[in-house]
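The block underneath contains the structure these notes are about, expressed in C-alpha cells.
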Amino acid sequence: MSVGLARLREEPDRIRQSAIDKGEDPAVVDAALALDERRRRLLGEADRLRAERNAVSKSVGERIRAGADPNGPEIAQIRAEARALGDRIAELERELATVEAELEEALLRIPNPADPDVPVGGPEANVVVRTWGEPLPRRAVGPDGQPWERRPHWEIGAALGILDEPRGAKITGSGFPVYRAAGARLERALINWFLDVHVSEHGFVEVWPPALVNAASARGTGQIPDKEEQMYVVTRDELYLVPTAEVPVTNLHRDEILDAADLPIRYAAYTPCFRREAGAAGAETRGILRVHQFDKVEMVCFEKPEDSAAALEWLTARAEVLLQRLGLAYRVVLMSTGEMGFVQAKKYDLEAWAPGVERWLEVSSCSNFRDYQARRMAIRYRPEPGAKPELVHTLNGSGLALARVVAALLETYQEPDGSVVVPGVLRPYMGGLERIAAA
RNA sequence: GGAGAGGUGGCAGAGCGGUCGAAUGCGGCGGUCUUGAAAACCGCAGGGCGCAAGCCCCGUGGGUUCGAAUCCCACCCUCUCCGCCA
C-alpha cells in the first residue's frame, strides 16, 4: 500500500510512466493490477461463503433454542454443512493470503509519482533554483598580500584539536568522528541554535524522540524494505538505530485520525543519525562529508493535502534562513525524477559551498511525500466533523545536518593564520567565543 | 529480570461461546427551548473492503468450535510489588 489501489486502478498509465521517470521497472504496476484483480475475485467469493456459513451457524443456535436435540441428526447435518463451508473458506483464505502478500510486495515496489513540475531525467536534469551568497575561492590572497589556499576541514579540525578522526576510528571505526573542545561545543551550539530558531520563530513543536525504532516504524517511513541495508540493526532486540529523526517523528501519528483543527502539525527534533553507508569510501567522502554517525535537526510536517505544495516551499525557506544567518553560501536544487528517491513527490536539496574542498555539500533535503507515507502509516484527518477520514500529506526537511555544516563553516571561516572565526549567531551559544584558535 | 493484574469505540467502563460491532456514563455533532448561553429534553455518530447485498476489525498472531470480545497457546504493551540501575 503506497500509491493506493484506487489511484492504481484509475490512472495506471500515469503510475507506469512515473515509475519509468524514476528509473524503476513499470512491470510491477501491471503485476499489481493483475494481483488486485485476483484478490478482489477471491475476496468476493470468500465473503459470499462466509455470509452463508454465518447464516447456517446462526440457525444451529436458533433450532436448539426452538427445541431441537443438540445431539440429534438434524443438528449434526447442519454442523457438517457448516464445517464443509468452513473448509472451503479456509482454502480460499490461504490463497487470498498468498495473493495479498504478493500484492503488498508489488505495491511497495511502485514509487511515488513525482509532481508534474519535477524535471524528468537523471543528475543532468536537476535544476538550480536559486543561489545565495558568494562561493569563496580556494586560492585567495591573505592580508599580507601573499597568496594562501583554503584548507579542507579535516586539516583545519585536526590542527585546531577540535576534530579527532583517528581516535574515533580506534574506539568505534572509520566514519565515527570525535568532536573535541571547541569542536564539541560547536556541535552542541548548532543543535541548540537550530532548535531555538525553529521553536521560537517558526512555531515548530520541539520533540526529543527515541533513537531506536521497531520494525513497524521503519516500515512506515519506507526504510524497510527500500533502505534496509542503510540501517544499523540491534538484532538481539529487533530494533533499528534511526538513520534520521524522520523515522520516529513521522511515526508519532501512525494509525491515528487527526483533528482538522490541529493541522498543520509541525515538529522539530534533534537526533543522532546512524547510517551504514556500505561501500562508500574515497575522496568524495573524506573528513566528515559522509560518516556513520552524525547529528541532525529535522523538521517534520503533517499538512492538509491542499496545503502541502506551499508547505514544501515554506519548509525549504526555514532551512535557508539558518544557512543565511550562518553566512554560508548555498544553492537550492530541485531534484529530478531520477535523483529524488523512491518515496518523494518533490524534493529540494540545499547545498552549502565548502571552499576548502571546492564542493557543494548537501546539508539539507526538503521533501513532500504527499499521501504516500501517510498511506503506509495510516495517518489520516477528518476534514469536517463527521466526515470520512482522509490521508494527510507528510513532509520533512533537514534543518540542518550537522557534520557537513561544520565542514562548510570551518572551510568558509578559516583565516590565513589557521584559526576559525565563529559566526555571530553562534557566539552566544559558545560562551562568547569569537575565534577558534590552536591551543 | 521475577511475581501478580489487565489490555473492548475519543475517554471511562459493562459484556452467560450464539440475537454483540458491542450496554452505560462523559465528551462530540445536529435539533427543541432561550434575546444569547447554560441546563433540560430529542436525535445522530467507530474503522476498513465492496456499486450493493454483505464481509472483516474487541492489543497482535495462531488454535479449539457449526459459531469466539468471550475458551486455549505464544508474543507485544500497560499497571502494581520485588530486583537492578543513570
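One point on numbering: in numbering that gives the first Met the number 0, the residue at position 272 of the first sequence is 271, and numbering is uninterrupted.
Ideal Cβ placement from N, Cα and C applies to all residues, glycine included.
These numbers come from a predicted model, not from an experiment.
Of all alpha-carbon atoms in VAL126, ALA259, SER216 and ARG289, the one lying nearest the alpha-carbon of ALA406 is that of ARG289. GLU164 and GLU186 have their alpha carbons spaced roughly 15 Å apart.
Inclusion of PHE341 and PRO110 in the CB contact set at 7 Å is warranted, their separation being smaller than that value. In chain order, ALA328 place their CB closer than 7 Å to the CB of GLU133, counting only its own chain and leaving out the 5 sequence neighbours on each side. Counting the other Cβ atoms within 10 Å of the Cβ of ASP348 gives 16 or more, which makes it buried. Between the stretch 203 to 214 and the stretch 225 to 241, the count of Cβ pairs shorter than 8 Å is three or higher; the stretches touch. With respect to SER17, ARG375 sits apart: the two C-beta atoms are not nearer than 7 Å. With respect to the 7 Å criterion, LEU106 and LEU41 are not classified as neighbours on the basis of their beta carbons. Shown here, GLN413 sits in a strand according to DSSP, grouped into three states. The shortest CA-to-CA distance from TYR428 to any of PRO382, VAL198, ALA54 and ASN191 is the one to ASN191. Look at LYS21 here: in three-state DSSP terms it is coil, with no helix or strand label. ARG274 and ILE287 have their C-alpha atoms spaced approximately 13 Å apart. PHE293 is bridged by DSSP to CYS272.
The beta carbon of ARG38 sits closer than 8 Å to the beta carbons of LEU95, VAL98, GLU99 and LEU102 from its chain, once the five residues preceding and following it are set aside; these are given in chain order. Scanning GLY182, LEU394, GLU338 and ASN367 for the CA closest to the CA of VAL248 turns up LEU394.
Judged by pairs of C-beta atoms under 8 Å, the stretch 118 to 133 touches the stretch 329 to 340, as three or more such pairs exist.
Counting only residues of its own chain and dropping the five nearest sequence neighbours on each side, VAL198 has a CB closer than 7 Å to the CB of GLU205 and ALA267. Assignment of beta-bridge partners to MET298 by DSSP yields ALA267 and GLY396.
ASN70 is not bridged by DSSP to any residue. The criterion of a C-beta distance shorter than 7 Å is not satisfied by ILE256 and ARG434. Burial of VAL419 is indicated by the presence of at least 16 other C-beta atoms within 10 angstroms of its C-beta. For the pair VAL299 and GLY141, the Cα-to-Cα distance works out to about 43 Å. With a threshold of 16 other beta carbon atoms within 10 Å, SER173 falls short and is exposed. Remark: C-beta atoms of ALA181 and ILE161 approach each other more closely than 7 Å. GLU148: member of the beta strand (DSSP E) spanning 146 to 148, first to last residue. Bounds of any beta strand (DSSP E) do not take in PHE193; it lies within the alpha helix (DSSP H) bounded by 181 to 195.
Going by C-alpha positions, PRO69 is about 23 Å away from ALA50.
In the same chain as PRO422, and ignoring 5 residues on each side of it, the C-beta atoms closer than 6 Å to its own belong to LEU325 and GLY326, in chain order.
Runs of beta strand (DSSP E) with 3 or more residues, each lying fully within the stretch 294 to 382, are found at 329 to 333, 345 to 353, 358 to 369 and 378 to 381, listed in chain order. Contiguous beta strand (DSSP E) elements confined to the stretch 63 to 150 occur at 126 to 131, 138 to 140 and 146 to 148, taking only those with 3 or more residues. Using a Cβ distance threshold of 7 Å, LEU399 and PHE293 do not count as a contacting pair. Following the DSSP letters along the chain, one finds ILE256 inside the beta strand (DSSP E) bounded by residues 255 to 258.
Annotation for LEU238: the continuous beta strand (DSSP E) segment containing it runs 238 to 240. VAL119 is not a Cβ neighbour of LYS345, given a cutoff of 7 Å.
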